[in-house]
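> What follows is a single structure, and I will ask about it in a moment.
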Amino acid sequence: MTPDLILHNAQIYTPEEMDIPGSKIIPAFSRPATALAVAGRHIAAMGDDRAILAMAGPSTRVLDLDNKLVLPGFTDTHFHFYEWAVNLNSIDFAKTQDFAGMQTEIREKAALLGPGQWILGQGFNESDWPKNRIPDRQDLDKAAPDNPVCIWRCDLHLAVANSMALSLAGIDALTPDPEEGVIVRDGSGFPTGVLKEMAPNMIRIVVPELTFTQLLDNMEKAMAHAHALGLTGIHDIRLMGGKEGAVALQAWQALHAAGKLALRCHVTLPGEMTARAVELGLCTGFGDDLLRIGHLKFFSDGGMGARTAWMTEPYLDAAYGMPLTPVAEIEQAVIQADKSGLSCMVHAVGDRAVHEVISVFARVEALHQSRCRIPHRLEHAQMILPQDLEALGRLKNLAVSCQPNNMSLDISMIDQCAGERGKYAYTFKNILATGIPTMFSSDAPVADPNPFCGIYSAVTRKRMNQTPETGWYPDQCLTVDQALQGYTLTPALTSGAGDCLGSLAAGKLADLIVTDRNIFMIDPDEIAATRVKLTLFNGKVVYEG
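Residue numbers for the sequence shown follow my numbering, beginning at 229 and rising by one.
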């Protein structure tokens, strides 16, 4: 078959040839493929320039890559893509430097929208601000007294609403805390505007929704942005207690039916749907190579930023956090799903939650009744004790999804609330050493969805400003190859697609990217600045930068 596209004069990363783990100059480049040919949706051939260029026909597009690096397309295995798309027009506080900057951005948005319009924002991280405190309703009132305002902390486990937003949601001194949520109150019992875990959903339900047409438009724009970051696959993860599950799945199906689905999408289902999903006969992996039913998603605890992650010892500035869904309830749901072919993922951040969830999966495995073709998943494993690492390594039907770039956001916060126990947080090297398949992701919009920021964080263990100089608990630093495989080959293998995705080889689907620098050869501090020059998805060029 005559190729549609040939890439040549390239450095092509082929991890299956590696035989020296951790080498900076990877052995794959000692026997390099310098060219590849794409025909239809697949890589037709790989080899040296002379052999591949000889395959070109009159209609073949030939690109000289000037010795640039070619990598498999990235998969982000924990991405709240639906929420990211819905909130494309919200304020992004990820780069906001201080408390005053937050108020300025809200004030500017209010002037742009006019009185009465909702102002939403996400991504503030007060632990890195000079004025290290969470805002309250009065702070937001000062910035936008004539607009309802609700902003989410970067971890999505805490939101802050102003007085108008609280009023529209019917939240006052007499409003009880919702199940698995907290309305923070002042000394007189009146809400401060700070809402934790399930409580922000009281605000969500009164925010005007996008029309379905607007949603699809936003999702198309979000996919184009993902291509520019090198993403060709995502696992779209549900939030706790949200009502977006059915709408998100309908949107993905509508895009697929219209021929506009340009990401490989593994769509999770909310855990509260377990009985219905089993009754319908759904199985994880059902679908095609563009759109598949993913895992059922459960929450065992909250987040450390909100001090709701469930801990074995109290925080330095709070209590023990809180369990969310009762462990026994999660276990019964996982048992039911496991014997029906529905894989489960469980959010666990605090060390107590991680311990309990690992124990649940161990007991489920001991029943020997699984019909799951795809492993269950432990999401985050943000703080894990040594004895639980040992237990994790004994499990056979489990994968872990961790978020390196979240670590860069959390360094100051964990130092503040956990002190020396921070040595148990984000221990990527220890988790990999257990032998458990370990995937990497962004948890976007919690953190920047740029995979190169995640690779940088995993390799250097630094904030984006390159501090601390030697890294935060640097004994847990990974090699570039270890981090890269967490975004490429491991997600493919753990989702049952290792035969067609995750690495570059003849016969595999042509999802790949070309970068402006070789991340194996540069100073690790430069990795986050890497830019994508070309993205191929399903054999088609979807981004050129």
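We put the beta carbon where it would ideally sit given N, CA and C, even for glycine.
(1) Among the residues of its own chain, which have a CB less than 6 Å from the CB of M641, if the five just before and after it don't count?
(2) Note down, in chain order, each residue of its chain lying with its Cβ closer than 8 Å to the Cβ of D566, except the 5 sequence neighbours on either side.
(3) I'd like the list of long-range same chain contacts for P719, defined as Cβ closer than 6 Å, with 5 residues on each side in sequence excluded.
(4) Closest to Q713 by CA distance: which of P300, K449 and L617 is it?
(5) Here's the rule I'm using: 16 or more other beta-carbon atoms within 10 Å means buried, otherwise exposed. How should S723 be labelled?
(6) Leaving out five residues before and five after V574 in sequence, what residues of the same chain have Cβ atoms less than 7 Å from its Cβ?
(7) Which residue wins for smallest C-alpha separation from T262, given the options I234, I271, G275 and Y715?
(8) What distance in whole Å lies between the Cβ atoms of G499 and A561, which are believed to be in contact at a cut-off of 8 Å?
(9) Does DSSP put Q350 in a helix, in a strand, or in coil?
(10) Should D703 go down as buried or exposed, given a rule of 16 or more other Cβ atoms within 10 Å for buried?
(11) When you compare only the Cα positions, how much space is there between L708 and V410?
(12) Taking DSSP's pairing of strands, which residues face M274 in a bridge?
(13) Just reading off the alpha helix (DSSP H) that H455 is part of, what are its end residues?
(14) What separation, rounded to the nearest whole angstrom, lies between the Cα atoms of A653 and S670?
(15) Less than 7 Å between the CB of F327 and some heavy atom of the ligand PLP, yes or no?
(16) So what does DSSP say about Q239, is it helix, strand or coil?
(17) Give the secondary structure of N295 by DSSP, where H, G and I count as helix, E and B as strand, and everything else as coil.
(18) Report the residue from K449, A734 and T324 whose alpha carbon sits nearest the alpha carbon of K359.
(19) Would you mind working out which of M426, V435 and N237 sits nearest N375, comparing C-alpha positions?
(20) Just reading off the beta strand (DSSP E) that I563 is part of, what are its end residues?
(21) Which residues in the same chain have their Cβ closer than 7 Å to the Cβ of F440, if we skip the five residues on either side of it in sequence?
(22) Compare the beta carbon distance of G549 and G578 with 8 Å and say whether it is the shorter of the two.
(23) Please list, in chain order, all residues of the same chain as A401 whose beta carbon is under 8 Å from its beta carbon, the five residues on each side excluded.
(24) Determine the extent of the beta strand (DSSP E) in which G461 is found, giving its start and end residues.
(25) The beta strand (DSSP E) with S629 in it runs from where to where?
(26) Round the Cβ separation of E448 and Y310 to the nearest angstrom and send it over; I've been treating them as touching at under 8 Å.
(27) From the DSSP output, in three-state form, read off S258 for me.
(28) Quick check on DSSP: helix, strand or coil for D709?
(29) Buried or exposed: G342, going by 16 or more other Cβ atoms within 10 Å of its Cβ?
(30) Assign N295 to buried or exposed, taking buried as 16 or more other Cβ atoms, counted over all protein chains shown, within 10 Å of its Cβ.
(31) Alpha carbon to alpha carbon, how far is T688 from S251? Give it in angstroms, no decimals.
(32) Which one of Y701, L660, R432 and E772 has the shortest CA to CA distance from R649?
(33) Look at Y543 and A646 and say whether their C-beta atoms are less than 8 Å apart.
(34) Helix, strand or coil for I334 per DSSP?
(35) Which of the three DSSP states, helix, strand or coil, is assigned to R361?
(36) Among K424, A482, D405 and G398, whose alpha-carbon lies nearest the alpha-carbon of L384?
Quick answer:
(1) S355 and G533
(2) C572, V592, L595, Q597, S598, R599, C600 and H604
(3) Closer than 6 Å at the Cβ level, and outside the excluded window around P719, lie T303, T305 and M667.
(4) P300
(5) buried
(6) F526, S528, I558, V585, L606 and E607
(7) G275
(8) Yes, they are in contact, since the Cβ atoms of A561 and G499 sit about 6 Å apart, within 8 Å.
(9) strand
(10) exposed
(11) The question names Leu, but residue 708 is Val in the sequence shown. For V708 and V410, the distance between alpha carbons rounds to 41 Å.
(12) L264
(13) F440 to A456
(14) 16 Å
(15) Absent from the structure shown: the ligand PLP. Ligands present: none.
(16) strand
(17) Under the three-state reduction of DSSP output, N295 falls in the strand class.
(18) If you compare the alpha carbons of K449, A734 and T324 with that of K359, the shortest gap goes to T324.
(19) V435
(20) Not the beta strand (DSSP E): I563 falls in the alpha helix (DSSP H), residues V555 to D566.
(21) none
(22) yes
(23) Answer for A401: R413, S416, G417, F418 and P419, listed in chain order.
(24) In the DSSP assignment, G461 falls within the unbroken beta strand (DSSP E) covering L459 to D464.
(25) Per DSSP, S629 belongs to the beta strand (DSSP E) from L626 to C630.
(26) The Cβ separation is near 13 Å, so there is no contact.
(27) Confidence at S258 is low in this model, with a pLDDT of 45, below 50, so the placement of that residue should be treated as unreliable; the coordinate-derived value is given next. Three-state result, S258: helix.
(28) helix
(29) exposed
(30) exposed
(31) Annotation note: pLDDT 32 at S251 (below 50); position unreliable, coordinate value reported separately. Cα-Cα distance, rounded: 16 Å.
(32) Y701
(33) yes
(34) In the structure shown, I334 falls within a helical segment according to DSSP collapsed to helix, strand and coil.
(35) coil
(36) Selected option, being the one with the closest Cα: K424.
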